[in-house]
Structures are given as structure tokens and as C-alpha cells.
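Have a look at the structure below before the remarks.
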Amino acid sequence: MDQSKKAIGFFVSLAFLVLGFLLITTKQIEPFSDFALLEWQIKLALQGTFHLQYSFLLEDPNFQFFPLPDLFFHVHNGLPYSTFPNFYPIFVSPLYLGFGAAGIKLGQFVLFFYTIFIFYQIKKDKIATILLLFGSILSLYIFLIHETILFFFLEVVILYFYNRKWSILSGFLSMCLIWMRPEMVFSIFLIPFCFPKEKNWKLYLLTLFVTGFIFSVLNFMTLGTYVPLRLVKNSEFQFRLDTSLYLFKLWIEQAPIFVFFVFYFIKSIFQKKVIYQNLLLILVTIVMILISPNTGGHNTPRYLFGLIPLYIVLLKNNETVESKISINWGILLLILSIYQSNLLFQKTKELKKISQYQTNTIQEITKIKDKFLVFNNSDFSFVILQKFAALPFTPAEKELLLLRPNYDNKKFIQILTTHQNRSFTFLELPPSPTPLRPNEIELLSQYQIKYRLGNRYQLPNALLPIQATDCYVDIFFHP
Numbered sequence: 000m001d002q003s004k005k006a007i008g009f010f011v012s013l014a015f016l017v018l019g020f021l022l023i024t025t026k027q028i029e030p031f032s033d034f035a036l037l038e039w040q041i042k043l044a045l046q047g048t049f050h051l052q053y054s055f056l057l058e059d060p061n062f063q064f065f066p067l068p069d070l071f072f073h074v075h076n077g078l079p080y081s082t083f084p085n086f087y088p089i090f091v092s093p094l095y096l097g098f099g100a101a102g103i104k105l106g107q108f109v110l111f112f113y114t115i116f117i118f119y120q121i122k123k124d125k126i127a128t129i130l131l132l133f134g135s136i137l138s139l140y141i142f143l144i145h146e147t148i149l150f151f152f153l154e155v156v157i158l159y160f161y162n163r164k165w166s167i168l169s170g171f172l173s174m175c176l177i178w179m180r181p182e183m184v185f186s187i188f189l190i191p192f193c194f195p196k197e198k199n200w201k202l203y204l205l206t207l208f209v210t211g212f213i214f215s216v217l218n219f220m221t222l223g224t225y226v227p228l229r230l231v232k233n234s235e236f237q238f239r240l241d242t243s244l245y246l247f248k249l250w251i252e253q254a255p256i257f258v259f260f261v262f263y264f265i266k267s268i269f270q271k272k273v274i275y276q277n278l279l280l281i282l283v284t285i286v287m288i289l290i291s292p293n294t295g296g297h298n299t300p301r302y303l304f305g306l307i308p309l310y311i312v313l314l315k316n317n318e319t320v321e322s323k324i325s326i327n328w329g330i331l332l333l334i335l336s337i338y339q340s341n342l343l344f345q346k347t348k349e350l351k352k353i354s355q356y357q358t359n360t361i362q363e364i365t366k367i368k369d370k371f372l373v374f375n376n377s378d379f380s381f382v383i384l385q386k387f388a389a390l391p392f393t394p395a396e397k398e399l400l401l402l403r404p405n406y407d408n409k410k411f412i413q414i415l416t417t418h419q420n421r422s423f424t425f426l427e428l429p430p431s432p433t434p435l436r437p438n439e440i441e442l443l444s445q446y447q448i449k450y451r452l453g454n455r456y457q458l459p460n461a462l463l464p465i466q467a468t469d470c471y472v473d474i475f476f477h478p
């Protein structure tokens, strides 16, 4: 066995051991924020439902009190739809049905390594394969209920098909990926530049645009918009320098392959061998950092993950990149693998801590006797979504309502009283963005109704300064 095969065997084994260990030690991480939303969609998909559930569709047709941030749902024909496409929930639902969240994480673990194997088949390049293994923090998403690993797989499959001149299939899958993750449009349109010797780019782009037109028509028929829901909800661009600088910092820290790519480009300038594709990719990276509406959440630069395989493909396209693993490459890859493994351990510790906060909070909220829980912070209501999200044919353990600024107090009282409810608990993280308006009398039918505040206390053992207020509904007959 030559040294190159031993080296790639070592690095793949190292990745398998590190990720396998983290797969076991992170199994207690509970879904939160958009992870919880995706788990809710998985549960709905298993019951054949592809829109979100809301117990008060009749009382609140405008979804003023729907317990999700506006960014994460879209209303069409009186039903709320998640801005996350249902492809991922449908794809992983059999694993969830059989093995729960652990089954999804194990499936993503296998899919990640299969993706690495497919990438290796493109050019049979050992160095490029190891760079993809350890070049970024992307593998962190193995341990979360999220689309990232699946979309990473799809992108590598597209690269493989394009390199094999399967233009129609690669073009179709490319538009599927753009429709599910609009930020991938940058990576998709850069693919022909990554394979400059291939002449199938015209058929690829034609298939891409035809598929996009068909998807646009179908999307309008089903959801009332010609563009993906994520674009609808992120249509207002507002440049923020602090966001861009923070995203750039994350990208430098969590995607060392980008740093290496930039150094390699600078080296080519001094050697007077500037490759325009490399310059284009760097410029696209800068543009994406500048126009990103936020960092993508999760404290990772996930909007930029689609660029990672392209950095490596372009490095491989240059003939000066060694095909065998030399001593210099071996040392560089060893440093990269150690750095990335350490970063993965740090990030999983953060996730465990966040999950512990959520678990404690849910345990304390479960002890509250009231069925109606009212929030005024959408991030907070997101925390307990995974536990109390409504499902069809299943009575909700708790009913969640979210107060938005300038909410309709009469509509709020109507929702509370429709189900013969005489009390609720108001939960907030001070300072309160939207306060309650107690003692405001509303006239409904022949009754005067108001609610008043009772005992106020801090939720014990929640690890967060959560204030809970007992509230009571008073109803007076008014002929």
C-alpha cells in the first residue's frame, strides 16, 4: 500500500472516529428554534399534512397570535405554511418514524460520508477529499435536525453529474436546490466555471431555466407566489455592516478552506498565473457576505456552505495542485484536521448548553397548570415549539399564543373565551417588548369580558430569568 492510500485512510478514519464519538455524545441535544420547526414538519408529514397546524383558524384568520415569528410562515388560502420546504421533512420522516431524532442523525452521519465518497469519484483526488472532510464546520449539522447535510449531498451529486455531462439531470437538481435554498443560486451558477473544459453548460443552463419556470408556475398554483417562500419572507434587504463583519469573522474561523483558497490565489498573483474563476469565486463570497440578511443563525455561516465544494474543485483544476499526498500536504492536512476537530468539540459543547437551557425551561413550563400559554417574544415561543406544537387528530397539551405589537385585545379575549377558558399564564423575558393590557373591558355578545393579573413569579430552575404571571378572565353578563 502506498503512502497516499495510508494517509487518506488515516484522515478518513480520524473523521469517522471524531464524528462517530460526537454522534453518541450529542444524542441528548433537543431540537430548538428552526430545528424544532423542522421536527414539527416531520411529525405533520408522517400524518400526511404539509401545512402547519393552528387551533384558532376560525377565531384568528389573520394569524395575529400564531406562535411563530412572521419570518417562518406564509399564509395561503387561510392555511399557514412553513418557509422551510417539506422536502427534507418528507425525506427523513421514515427514519424519524422508526428511530426518532437519533435515526435522523445516524442517517445524516451515513449520508455525509457517502457525499465525501461521491466527491472523491469526481476526480479521484485524495487531497481534495480530505479538504472537503475537514475544510469547514459543515459536518456539525450531522447532529442537528436540519437540511444542511441533505443539501450538501445534493450539491456534490450535481457536481458529479455535471462532470459526467449529465446536463439535464444536473440542471433539474440544481433548480430543486435553488428552490429549497435560494442562497444556493450563487453556487449553482458558478458550477460551469468550475469545469471550464466541459462544453455542456448551454444545455445545463437551459434545463435550469425551464425547470425554474415550471417550479414558479406550480408554486403560484399551490402557495400563491412565483418565488420560493424564503425569498418572499426575506425580500426586504437592509445592509448592516456589523452583520457582514460578524459573518466574515465566522467564515474565517469556521471555513479554513476559504483562507487557504485566498492564500493560494495571492500566490498565483505573484506567480503571474491569475485564474479568473478563482477571482470570481472570491468576489461572489464577498458579495454573499455583504448581502446576507443575517448570519443564518446557529452561530455558523451556513448561508455560505454551498461555496465550500467549489473552492476545492477550483483548487483541483489547477495543475500545480499535487495529486499525491506529499509531506508538506500531510502536515497541512494534519493541522487542518486537528483544528477542525477541536472546533467541532467546542461547537457541540455550545449546542449541549443551549439544549440544557431548553430542556429545563420545557420541564418547568410543563408544570404550569394553565392550558393557555401566552408569550410576547417569538424567540421564546420558538423554544418550546418542539414540545407543544399542534398536530392533527391529537389534542394539544398546551395552547400557545404569541402577542405581537399593537395586537387586537378583543380578538385576544375572544380566543381565550372560545374554549371556555378562564385563566392563562403569561411568560416573558424582561424587558417585555409587548406588554399585556389588563382590565380593558371588551364587549362580546351580551357579555363584558376582561382579564386581570394575578401572582407574578420567576420560573424556577429554568436557567433563564423567565417571568410568569397568572392571569384570570372575568366575564360579566351585560344585557
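Residue numbers (numbering that gives the first Met the number 0): 0 to 478.
The beta-carbon is built from N, C-alpha and C at its ideal position, and this holds for glycine as well.
- Rounded to the nearest angstrom, the gap between the Cα atoms of residue 80 and residue 42 is 14 angstroms.
- Within the same chain, Cβ atoms closer than 6 angstroms to the Cβ of residue 371 are found at 398, 420 and 423, the five residues on either side in sequence being excluded.
- In this structure, the straight-line span from the alpha carbon of residue 190 to that of residue 274 is close to 15 angstroms.
- Exclusion of the five residues before and after residue 180 leaves 150 as the residues of its chain whose Cβ lies within less than 6 angstroms of its Cβ.
- By the Cβ rule, the region 455–469 counts as touching the region 358–366, because three or more pairs are nearer than 8 angstroms.
- Residue 470 has 423 and 452 as its beta-bridge partners, per DSSP.
- Taken through DSSP and simplified to helix, strand or coil, residue 446 comes out as strand.
- Counting along the chain, residue 363 sits inside the alpha helix (DSSP H) bounded by residues 326–365.
- Less than 9 angstroms separates the beta-carbon of residue 300 from that of residue 250.
- Going by C-alpha positions, residue 310 is about 10 angstroms away from residue 261.
- For residue 273, there is no enclosing alpha helix (DSSP H), as DSSP gives it neither H nor E.
- The alpha-carbon of residue 69 is positioned some 21 angstroms away from that of residue 239.
- If you ignore the 5 residues before and after residue 224, its C-beta comes within less than 7 angstroms of the C-beta of 218 and 231, all in its own chain and listed in chain order.
- Judged by DSSP in its simplified three-state form, residue 396 adopts coil rather than helix or strand.
- Within its own chain, the residues whose Cβ lies closer than 6 angstroms to the Cβ of residue 182, once the five positions on either side in sequence are excluded, are 302, listed in chain order.
- A distance below 8 angstroms between beta-carbons, with the five flanking residues on each side excluded, links residue 13 to the following residues of its chain, in chain order: 336 and 340.
- Residue pairing for residue 81: DSSP places it in a beta bridge opposite 72.
- CA-CA distance, residue 473 to residue 407, rounds to 18 angstroms.
- Residue 168: member of the alpha helix (DSSP H) spanning 166–179, first to last residue.
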